[in-house]
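A quick write-up on the structure given underneath.
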Amino acid sequence: MKVPYGGDYNPEQWPEQVWKQDYELFDAARIDTVTLGVFTWAQTQPAPDMYDFTTLDRIVERAAAEGRQICLATGTGALPPWLAKAHPEVNRTDFEGRRHRYGQRHNACPSSPVFRRLSAEMARRVAARYAGNPAVIAWHVGNEYGGACYCDLCAAAFRGWLRARYSTVERLNAAWNTTFWSHTFTDWDEIEPPSALTEHWRGPDHTAFQGITLDYLRFMSDAMLTNFRDEKRAIRESDPHTPVTTNFMGMYRPIDYHRWAPHLDFASWDNYPPDDTSQARMALTHDLMRGLKDGQPFWLMEQTPSYTASRDVNPLKRPGLMRLWSWQAVAHGADAVLFFQMRASRGASEKYHGAVIGHSGRSDTRVFREVAELGAELERVGGVTLGARTPARVALLFDWDSWWALEISDGPSRLVRYQQVVLTYHRALWDAGADVDVVPVTADLSRYDVVIAPALHMVKGDLAERLEQVASRGGSVVTTFLSGRVDEDDNAFLADVPGPLGPLMGIRIDEWDARGPEFVNPVCFDNGPIVDARLLLELVIPQGADVVGTYGEDFYAGTAAVTRNVFGAGYGWYVGAGLDQTGVCWVVRQVLDWHNLSGPYPDVPDLETAVRVTRDGTHLLFLLNHNPEPVEVVARAGGLDLLTGARVHIGQVIRLDARGVMVLRQ
Amino acid sequence: MKVPYGGDYNPEQWPEQVWKQDYELFDAARIDTVTLGVFTWAQTQPAPDMYDFTTLDRIVERAAAEGRQICLATGTGALPPWLAKAHPEVNRTDFEGRRHRYGQRHNACPSSPVFRRLSAEMARRVAARYAGNPAVIAWHVGNEYGGACYCDLCAAAFRGWLRARYSTVERLNAAWNTTFWSHTFTDWDEIEPPSALTEHWRGPDHTAFQGITLDYLRFMSDAMLTNFRDEKRAIRESDPHTPVTTNFMGMYRPIDYHRWAPHLDFASWDNYPPDDTSQARMALTHDLMRGLKDGQPFWLMEQTPSYTASRDVNPLKRPGLMRLWSWQAVAHGADAVLFFQMRASRGASEKYHGAVIGHSGRSDTRVFREVAELGAELERVGGVTLGARTPARVALLFDWDSWWALEISDGPSRLVRYQQVVLTYHRALWDAGADVDVVPVTADLSRYDVVIAPALHMVKGDLAERLEQVASRGGSVVTTFLSGRVDEDDNAFLADVPGPLGPLMGIRIDEWDARGPEFVNPVCFDNGPIVDARLLLELVIPQGADVVGTYGEDFYAGTAAVTRNVFGAGYGWYVGAGLDQTGVCWVVRQVLDWHNLSGPYPDVPDLETAVRVTRDGTHLLFLLNHNPEPVEVVARAGGLDLLTGARVHIGQVIRLDARGVMVLRQ
Amino acid sequence: MKVPYGGDYNPEQWPEQVWKQDYELFDAARIDTVTLGVFTWAQTQPAPDMYDFTTLDRIVERAAAEGRQICLATGTGALPPWLAKAHPEVNRTDFEGRRHRYGQRHNACPSSPVFRRLSAEMARRVAARYAGNPAVIAWHVGNEYGGACYCDLCAAAFRGWLRARYSTVERLNAAWNTTFWSHTFTDWDEIEPPSALTEHWRGPDHTAFQGITLDYLRFMSDAMLTNFRDEKRAIRESDPHTPVTTNFMGMYRPIDYHRWAPHLDFASWDNYPPDDTSQARMALTHDLMRGLKDGQPFWLMEQTPSYTASRDVNPLKRPGLMRLWSWQAVAHGADAVLFFQMRASRGASEKYHGAVIGHSGRSDTRVFREVAELGAELERVGGVTLGARTPARVALLFDWDSWWALEISDGPSRLVRYQQVVLTYHRALWDAGADVDVVPVTADLSRYDVVIAPALHMVKGDLAERLEQVASRGGSVVTTFLSGRVDEDDNAFLADVPGPLGPLMGIRIDEWDARGPEFVNPVCFDNGPIVDARLLLELVIPQGADVVGTYGEDFYAGTAAVTRNVFGAGYGWYVGAGLDQTGVCWVVRQVLDWHNLSGPYPDVPDLETAVRVTRDGTHLLFLLNHNPEPVEVVARAGGLDLLTGARVHIGQVIRLDARGVMVLRQ
């Protein structure tokens, strides 16, 4: 038992003589796991009534014979051309109302009966054929579900989804506030998907009716989930136990992964950070993925060993980065480390995407060498991290509904981006070295001392009460500007802002100012720094809360910007202004310090720490030096460095190389 | 009799118990006028053969019972969903050739017979039902007419419009210069609306044939005017006298308001300036709206008390701004001050648009307080301003045809924008405190001493002669680069530039240079400043005119840039270069000073003055301090400040608070 | 015999009384050649079964009677409206999948049988009618072929083209690497044109399958070539000898002019440089055009005497520039100097395009005067330059396939633009004053000492061997980053980078770094400068080559960036980094100096020199001073200045005026 190591492997693109070379190189790099068959539909079903598993059989047999573990895909990540031709309705209709023809991937209409029938049938046959194979350790359904369709089949399915949600047109009209702009629907058939041809202008975020757009986002996420469930159900006909997953894409707006998560046996995701300085962003995303299934470990399903190809500019991963980021994934809960891809494609759009084996087939490249070194290292460390959990006392709420509602809103500001606000608050926690669970708003909050809810635009169900309970029992709740504005239907609360969060926060807000990024209003903290606030500036009126920070300029100089309210045995913190990172860090540090929840090195920049607790209770402390220089710190705990075998004693100076890693078993 | 005060009110969005609270708050704020029913079509006609005025009856009755004046809308501002479903041809086809489905507002094809029949029928029924109600003081047809349609119905209507204009295809071919690029039409049916599918690329301003695009703009403006006239005619069947209007949008390019104005009983418009420093721009727009009907007062039909929602960034109106801008409207001829909206919508795209009453229903907010204070102030001032006229001796020509022709032109420069040029010249007049009429090119010019015609690209009819008459009798005419280039069909004059303006200006132009904004050529004035010129630089060759300013650099250094020609007893000024604001102010000041037409405080920045003369000849002098600091000046005239009741004597120092207002009855 | 001088003339736009004035002005300006009838289709075929040459007859007769030479167009540059209406399938379907209706030009689907039949028929009739006229010196087919169509007719034609190329679907699948993303085609009918509806996103350069997009580019270029050939064949039925051309657009990406060139009797092109500082760019384009037909002189078919109209900003050509650029064209091989246009159109999109005769019809303008002066000068010089050849020993390879493949590639960098790389290397040659042939990769390289192949992404056929032969016999071959990456099908070479160029270059590349333009890595040359490298940085591993330049920073500091490999009696130079202009100039100068191929004044900035050798072996040395100041240099050769008649002796100081020209017959 050890961390599975390997990745996407497409030998069907190559003659069999190449396969031999592949496995020799896999041996050299300690590759023990391969993901097979992600895009095989055209091969396994070359015609409507013909299924042909000859090649896939050989690929699976060879992998098993070579002693590899297999993550076996159903192969439905893209349609075969004949299917798109024979049934044009399986192709998507885009936001502009254009029926597509065959091309790309992510190309199936999720509501198409033909697609649903044939994709499930493919999953059924793949599972039936390979279910008994002991090398198969997981099923991989579809691939990176995403995008959207706006065809008439989806319109009909949307109407069905709405009928199930609202029962009557009258309730739908109430939810969407259709009295506005003469939009009262009198029949379900009058409802069209919200698109460039109907409610939208200037793209998917500009809608005349937030309600219909929000529901279409929910519907589309559900429709694709149905596709996943179709295939999973078909797999389960032959194989009741082997876990089933699909690869997520981290903070991917179109799909509400929280609604999907219960249907996956484990979560997995593809990590393609935008640049070389994304360490905090990746940490957040790992925490989000781990939070999908209540802290259960996930798989790092894809990462590139060197470069991506899909960006305008595709920089090379610096030496050591791939190893460092792999260990970061493990530190945050990954129980597998996999690459896309094992061998670089010759042609098409991923020809220049990095691979373990390049076009020349060499093993004496720097990239291959680093892959092999990590392989050896993972082998040495073995299975100690598998199944270990993160002992977080801090929760950060992440909510797709709030994301959508905030960003499709007309006013107050298109410049406030949900992800950016969340990143800023998570970054403050990351800087402080706190272990954090990123969880849905429906999560059990009773295990947390601190709950941070940035830009919690929508407040649903009993969330306000549950947040009050956190504070009541001595915890701290932090929320920000643009929180507590709308209910589940995106209708404004008919109450003072921040709606149901008002009592906990002890404030009210009558006015807010939205400004361009060039406009800065300083916020002054009591006994704290003066920081910059931008974009959204709420004029906070305390209704019992203490003022922590005030605006420094403009007609609202002296008005509260940040407050703290005593609530039960704990606190409600409200940050009404778009503080810069320094300001957010200061607020978050006040909260963490009160609960004594910072990590061991909160003041060492870019030295990340993370803890996992194994099933037997052993603490593993990961130290990850994201700096391009070495770092020396004093050990706060003793233990054994699993990577080097060296012993570390409390108080000893430990040194991490540039981009170095230490895994201390305490 | 006083200035109507109130605005758009949509109680149909709320349960009746809310209405009671509304009227209590209206009382508190002296709201005496409500605009009702702007988007009621779906409610008043819930099905093809069903009309239901139950709710509107209650709304109108309640308003009347509460003693409010009503501006009653026909409710056709947006289609009901059933109509869009039952008759897909009522939906617009966009510039990209896409037939839309139901959504948004501004969604009706203006040429659709079904839409025309049913919208007129709705107006007919609304008028028939409420015409006798003495609370109804105005009819509000449609809402913010705008946009465009490119469907086959519009194509057919366009052909009919062309046939009426040109009679024969030969004359159309001549007008559009179709010999170019093999475009000779042989039958009306060959003509398609100019769109992304036909003559255009890179959007609506890039056309291969200016003639067809210009005519389509004219046609579409006329087509929507027909929609307005359909409804007005239907209203007049029941109500021969109550004035009928529709709300305009200021400098809105797609609609030629000058062609509409004769059909409105009074003009009204919605004032949503782009930012907090739009005082001069708003003044221009008020002057334009007042000029629509020969100086007759207009209504400020909409403004926000606090923020808009439709912009990327929606800043809060600073304290005092709403009052200042309301008085600015009155100063320029507004006889009503109305808001959008009385109570904020719960949901959809205007949920965050500011309102007199917010989601919490409070009256103790700053915004409500300012609304109430203005209400009290307007009540105090009473009806003295009603019907008063602006005694302008300066005219600024504004011409939609020139706007269109200039901006759809290929060459010389896409960077020269009509509105920007006009704003610069108007700003110079505004800075000098001159009262200005902004009038169409067909206006009677005999009453003006100064006529300014910026970027008068197209010269139609007898305009050149009428401008010559202004100069002949001692007046001054100012025009600029890119004037006098084309005739009514957008064909170049076969003459020296500036075409028919040449004799008046006493110049000719053989060459011009277009440059990016980074390129500056200084222009040196005799006994004047050296200023920057940009974008468009014409090499002016005097043919009798005196040189006033010359270029300082490049191969045309020393060439004339600005000239003044003695013509009769007056002058023709030509500004051949894109001067900066300082340069334009200098030229305009020369002209105004000659005629002694500057206001009392031309050298106090952002202290606006405006005069209205009441029916009995009383002069009202408005002083508007747009500065965020107080201003002190010496009174040039005595009188009574209608806002405070204080007496002002000539020579006395008067002080205006930051954003303060004074209305001196002299 | 002299250089034909004149240009596009459209008297059909004017009444005949204007023609008289035209010819008087032509006389004044020594205009001896007119291009007639480029857009006459609507006139010559006003209805399906009606041909009417009345007007064209008069135009041609008048021109002949006035003693002008005629370049006679077939008139098919744009469809007549009736044809677009009667046969909607002749209109193009755009990249977005939208069937267009009538408008613009470039509006015919190249695969439409109706268009093909009628355009050929028009050419047939025009040729039959005017073939005997001795004034006709050339046929001008179509006009600026370009754009693309994606309709079903093109889809069918594309499938036919593919069938001819690949014979079997299996071979097509192999070429396009369709095993990737489940794209295996099982029938030709499944293949759709690659567009926004199929393989593309974010426009024409973003494709999921490079293979299909590349083949569609090739197909579309071929399809339009077929249109040209249809017309040429029809002309040849009546006129076996008069040369046939069509006007090219220089570096125009959509059309592979190398594939077209064999079918033209001579090349011609329209020179509209983007700005006033395009002298090097124009030189490259002239060299490219001359290289189309193996060094044979070409025609400068169009240039503006003053301004364009199609740009956002259309600056005026400074005094002297039109003359200078005309002589530059001749210096690089032009045997005609023609304008667009003789008289400015009154209306439509070229109304503001400059012309020899403006709207006022004046001859006393600066522009007309310069045209007339050049006319007189060309008359004085006579025919000496006609047919002369450029004695280049340096070849620069230009390859549309590499251009396409590089720019449609996903990864490594969208910021590396083929044209920009080529311009940088050509600029270095231009700065040094070397005479250069810009030739296709299939050209005979045996006559060159130096071959420069920037960004030679695709290496086809025996090119690598032919480049090796250049080096073997003592020549120098220079190539750059992103060369030698893919084969003719855009599949990566399964070998070390740079693939088949590896042996010649003596290097290999395992890694490369792509970075944004703000990222600079200095490259240090031995005994040379330190220069900036950007965008693409390959880590070059010498395999026998000498290191010439190394990176200065980052983890690959000290790694080779530029190398030189001894190969046979010559060298292979590899430039692995995106060097700035200084760096490229330094490398190129090393190479030129070795072969002693720089021009006489390599160190005088913007003093261009070019040589043409007449049929009798006389050397003509052109000196072109692109500086806005005079330049003095010492004569390196003696001769007669053909423009002034002055004698120049070796060693004498010669002076060129600002923008001055000298043509020395040695």
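Chains as they are written, first to last, in the UniProt record's numbering: chain A, 1 to 666; chain B, 1 to 666; chain C, 1 to 666.
Glycine residues also receive a C-beta, built at the ideal position from the N, C-alpha and C atoms.
From residue i to residue j, what does the alpha carbon distance come to, in whole angstroms?
| i | j | result |
| --- | --- | --- |
| Val547(A) | Thr618(B) | 54 angstroms |
| Gln21(A) | Asp399(C) | 35 angstroms |
| Asn173(B) | Ser182(A) | 43 angstroms |
| Val313(B) | Glu407(A) | 13 angstroms |
| Trp594(A) | Val34(A) | 47 angstroms |
| Gly478(C) | Pro391(C) | A quick correction: the sequence has Val, not Gly, at residue 478(C). Val478(C) and Pro391(C): Cα-Cα distance of roughly 20 angstroms. |
| Leu445(C) | Ala267(C) | 21 angstroms |
| Tyr166(B) | Gln13(C) | 19 angstroms |
Could you please give the first and the last residue of the uninterrupted beta strand (DSSP E) stretch that includes residue i?
| i | result |
| --- | --- |
| Gln581(C) | That residue, Gln581(C), is in no beta strand (DSSP E); its alpha helix (DSSP H) goes 581-595. |
| Pro522(C) | 521-525 |
| Gln69(B) | 69-73 |
| Trp269(A) | 268-270 |
| Arg508(C) | 507-514 |
From the DSSP output, in three-state form, read off residue i for me.
| i | result |
| --- | --- |
| Met662(B) | strand |
| Ile235(A) | helix |
| Met301(A) | strand |
| Phe493(B) | coil |
| Trp82(A) | helix |
| Tyr150(B) | coil |
Output the boundary residues of the alpha helix (DSSP H) element that contains residue i.
| i | result |
| --- | --- |
| His140(A) | Counting along the chain, His140(A) falls outside any alpha helix (DSSP H), though it belongs to the beta strand (DSSP E) covering 136-140. |
| Val18(A) | 16-29 |
| Ile654(A) | Ile654(A) -> not in any alpha helix (DSSP H); beta strand (DSSP E) instead, spanning 653-656. |
Quick check on residue i - is its C-beta less than 8 angstroms from some C-beta in chain C?
| i | result |
| --- | --- |
| Lys85(A) | yes |
| Trp82(A) | yes |
| Trp404(B) | no |
Which residues in chain C have a C-beta closer than 7 angstroms to the C-beta of residue i? List them in chain order.
| i | result |
| --- | --- |
| Arg323(A) | Result: empty, since nearest Cβ-Cβ is about 14 angstroms, beyond 7 angstroms. |
Run down chain A in chain order and give the residues with a C-beta less than 9 angstroms from the C-beta of residue i.
| i | result |
| --- | --- |
| Ser409(C) | Ala309, Ser349, Lys351, Tyr352 |
| Ser472(B) | Ordered by position in chain A, no residue passes the 9 angstroms Cβ test against Ser472(B), which lies about 50 angstroms from the chain. |
So with CB distances below 7 angstroms, who are the chain B contacts of residue i?
| i | result |
| --- | --- |
| Trp41(C) | Ser182 |
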